[in-house]
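J.: Numbering (the UniProt record's numbering), first residue to last: 1 to 291.
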Ligand code: HSE
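1. Is the closest heavy atom of the ligand HSE to the C-beta of residue 123 under 7 Å?
2. Rounded to the nearest angstrom, what separates residue 228 and residue 277 at their Cα positions?
3. For residue 138, which option in 124, 132, 131 has the closest C-alpha, if you only look at C-alpha atoms?
4. Decide if the region 236–246 is in contact with the region 179–187; the criterion is three or more beta carbon pairs, one per stretch, under 8 Å apart.
5. So, helix, strand or coil for residue 279, using DSSP?
6. Between the beta-carbon of residue 34 and the beta-carbon of residue 65, is there less than 8 Å?
7. Give the straight-line distance between the Cα atoms of residue 208 and residue 150, rounded to the nearest whole angstrom.
8. When you compare only the Cα positions, how much space is there between residue 13 and residue 37?
9. For residue 116, verify whether its CB is less than 7 Å away from any heavy atom of the ligand HSE.
10. When DSSP labels each residue in this structure, what does residue 307 get in the three-state scheme?
11. What separation, rounded to the nearest whole angstrom, lies between the Cα atoms of residue 203 and residue 181?
12. Pull up the distance between the alpha-carbon of residue 193 and that of residue 201, whole angstroms please.
13. So is the beta-carbon of residue 215 under 7 Å away from any non-hydrogen atom of the ligand HSE?
14. Just tell me which of 79, 17, 20 has its CA closest to the CA of residue 45.
15. Got a sec: does the ligand HSE put a non-hydrogen atom nearer than 7 Å to the Cβ of residue 218?
16. Given a threshold of 16 other Cβ atoms within 10 Å of its Cβ, counted over all protein chains shown, does residue 59 qualify as buried or as exposed?
17. In terms of residues, what are the limits of the alpha helix (DSSP H) holding residue 33?
18. Locate the alpha helix (DSSP H) running through residue 237, then write down its first and last residues.
19. What is the C-beta distance between residue 232 and residue 97, in whole angstroms, given that I count them as a contact (C-beta under 8 Å)?
20. Which of helix, strand or coil does DSSP assign to residue 169?
21. Inspect the beta-carbon positions of residue 169 and residue 81 and report whether they are closer than 8 Å.
22. Between the alpha carbons of residue 72 and residue 212, how many angstroms are there, rounded?
23. Could you tell me the distance, in whole angstroms, from the CA atom of residue 133 to the CA atom of residue 281?
24. Beta-carbon separation of residue 92 and residue 5 under 8 Å?
Take a look at the structure:
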C-alpha cells in the first residue's frame with residue numbers, strides 16, 4: 001500500500017486558521033511488510049524519528065493501538081518547518097495508515113475532525129485530506145462534530161513559492177499573536193476575508209490576491225520573523241504580480257501571478273535571496289491518495 005499526501009498552505013492572508021490550499025509537493029508512504037517493531041526508512045534527516053516515536057506512527061496508534069508493526073518507507077518533497085504543512089501531512093498519513101491497516105472505515109468528515117483535533121486548527125489538514133481550496137471552522141469547546149468545511153475550486157493562475165533557507169516553528173510564530181483584538185478591527189478583518197473567499201469562488205484571482213495582502217489577523221505580528229515578506233510585496237507591486245501572502249505561519253511566502261509575469265517575478269525573487277528555494281507549484285485537486 002502506498003499513501004500520498006499533498007503539502008498545504010494555510011491562511012491565504014485573512015483566512016487565518018480557516019482557509020487553505022493543497023499544493024503539488026508530496027509526502028509518500030509505502031508499507032513494505034510486517035516487522036518486529038515499527039521501522040521507518042527515510043532520508044529526511046536525524047530529527048525525524050525512524051521508530052514508533054515518528055509522528056505518523058504515534059498518530060496511527062492513537063486511533064488503532066493494536067496495529068501490527070510494519071516496515072515503512074517515507075519520502076517527502078515538503079520542506080520541514082517552512083509553513084507548507086509538513087507535520088500536517090504526517091498526521092494525515094498516520095490517520096490514513098490506521099484507517100487502512102486497522103480497517104476503521106473513516107469518512108472524510110471523521111478524518112478531518114480527528115486531524116483537526118490533533119493539529120488544533122483545520123486549515124492545513126482539511127486541504128491535505130480533501131485537496132484544492134478548503135474553508136473550514138473549528139469549535140474546539142464541543143466534543144463531537146465540531147468541524148465544518150467546504151471544498152471549492154481554486155482559480156487557475158501561477159503560484160510561486162519563496163521558501164527561505166531557515167526554519168520557523170509554528171509555535172514560535174503563534175506566540176507573537178495578540179491575546180485579544182478590538183471588535184471594530186475584527187469586523188474589518190473578517191470583511192476582508194469574506195471578500196477574499198467570495199472573489200476566489202467567483203474565479204477573480206486579482207481581487208482575491210488584493211484581499212490576501214490586506215490581512216489584519218496575523219501577518220503584521222509575524223513581520224519580525226519574515227523580513228522578506230515586505231520586499232516580496234514590493235516585487236509583486238513592481239512586477240505586477242497579483243499579490244502574495246505568508247504561507248501558514250511562515251517563513252514561506254506564496255506569490256500569485258499572471259502567467260506572463262511569472263518568469264520576471266521568479267528572477268526578482270532569486271535576486272532577493274539566492275539561498276531561498278523558489279519553485280512554481282500547482283494546486284493539488286485530489287488531496288490524500290491511496291494506491
Ligand atoms: N493557521 C496556522 C497559523 C497555520 O498561521 O499559525 C500554521 O500551522
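By construction, the Cβ of each residue, glycine as well, lies at the ideal position given by its N, Cα and C atoms.
T.: Inspection of the coordinates gives the following:
1. In the chain shown, counting from the first residue as 1, residue 123 sits at position 123. Result yes, Cβ under 7 Å from the ligand HSE.
2. Working through the chain shown from its first residue, we reach residue 228 at position 228. Working through the chain shown from its first residue, we reach residue 277 at position 277. Whole-angstrom Cα-Cα distance: 13 Å.
3. Counting from one through the chain shown, the residue named residue 138 turns up at place 138. It is 124.
4. no
5. Counting from one through the chain shown, the residue named residue 279 turns up at place 279. DSSP places residue 279 in strand when its eight states are reduced to three.
6. Your numbering for residue 34 matches position 34 in the chain shown. Your numbering for residue 65 matches position 65 in the chain shown. No. Outside cutoff.
7. On the chain shown, residue 208 is found 208 positions in, with the first residue counted as 1. On the chain shown, residue 150 is found 150 positions in, with the first residue counted as 1. Distance between the alpha carbons of residue 208 and residue 150 is about 17 Å.
8. As a working mapping, residue 13 is identified with position 13 in the chain shown. As a working mapping, residue 37 is identified with position 37 in the chain shown. Cα to Cα, residue 13 sits roughly 43 Å from residue 37.
9. As a working mapping, residue 116 is identified with position 116 in the chain shown. Because no heavy atom of the ligand HSE lies under 7 Å away, the Cβ of residue 116 does not count as near it: no.
10. Absent from the structure is residue 307, since the part of the chain shown begins at 1 and ends at 291.
11. The residue labelled residue 203 in the question sits at position 203 within the chain shown. The residue labelled residue 181 in the question sits at position 181 within the chain shown. Taking the straight line joining both Cα atoms gives about 31 Å.
12. In the chain shown, residue 193 corresponds to position 193, counting from 1. In the chain shown, residue 201 corresponds to position 201, counting from 1. Cα to Cα, the separation comes out at about 12 Å.
13. Along the chain shown, one-based indexing puts residue 215 at 215. Incorrect: residue 215 has no Cβ contact closer than 7 Å to the ligand HSE.
14. Translated into the one-based positions of the chain shown, residue 45 becomes position 45. Among 79, 17, 20, the Cα nearest to that of residue 45 is on 79.
15. The residue labelled residue 218 in the question sits at position 218 within the chain shown. Residue 218 Cβ: within cutoff of the ligand HSE.
16. Numbered from its first residue, the chain shown carries residue 59 at position 59. The residue is buried, with at least 16 neighbouring Cβ atoms inside 10 Å.
17. If you number the chain shown from 1, residue 33 lands on position 33. Element bounds for residue 33: not the alpha helix (DSSP H) but the beta strand (DSSP E), 19–34.
18. Position 237 of the chain shown, counting from 1, holds the residue named residue 237. Residues 228–239.
19. Here the question's residue 232 lines up with position 232 in the chain shown. Here the question's residue 97 lines up with position 97 in the chain shown. At roughly 37 Å, the Cβ-Cβ gap does not stay under 8 Å, so residue 232 and residue 97 are not in contact.
20. Taking the first residue of the chain shown as position 1, residue 169 is located at position 169. It is coil, neither helix nor strand.
21. Numbered from 1 along the chain shown, position 169 holds the residue referred to as residue 169. Numbered from 1 along the chain shown, position 81 holds the residue referred to as residue 81. Cβ atoms of residue 169 and residue 81: closer than 8 Å.
22. Taking the first residue of the chain shown as position 1, residue 72 is located at position 72. Taking the first residue of the chain shown as position 1, residue 212 is located at position 212. Roughly 39 Å separates the two Cα atoms.
23. Within the chain shown, the letter at position 133 stands for residue 133. Within the chain shown, the letter at position 281 stands for residue 281. The straight-line gap from Cα to Cα measures roughly 14 Å.
24. To locate residue 92, count along the chain shown from 1; it is residue 92. To locate residue 5, count along the chain shown from 1; it is residue 5. Result yes, Cβ atoms of residue 92 and residue 5 sit closer than 8 Å.
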